[in-house]
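Only one structure is covered here, and it is reproduced in the block below.
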């Protein structure tokens, strides 16, 4: 899921562990998974950008 070289893999695993059940629940509620995916990618982008600042 994560293809971010600058971030430790641990964070990606941790995020995936949290987001996977969340995405599954959203799917059950009828939320479009493409939208969820975009949100996750946006979140990852923000995380990476904010880590560059600190």
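Numbering (the numbering used here), first residue to last: 204 to 257.
Just so it is clear, CB atoms sit at the ideal spot from N, CA and C, and this is done for glycine as well.
Asked	Found
Relative to the C-alpha of residue 239, which residue among 225, 220, 256 and 216 is closest?	225
Output the distance between the C-alpha atoms of residue 252 and residue 222, rounded to the nearest integer angstrom.	20 Å
Going by alpha carbons, who is nearest to residue 218 out of 254, 256 and 246?	246
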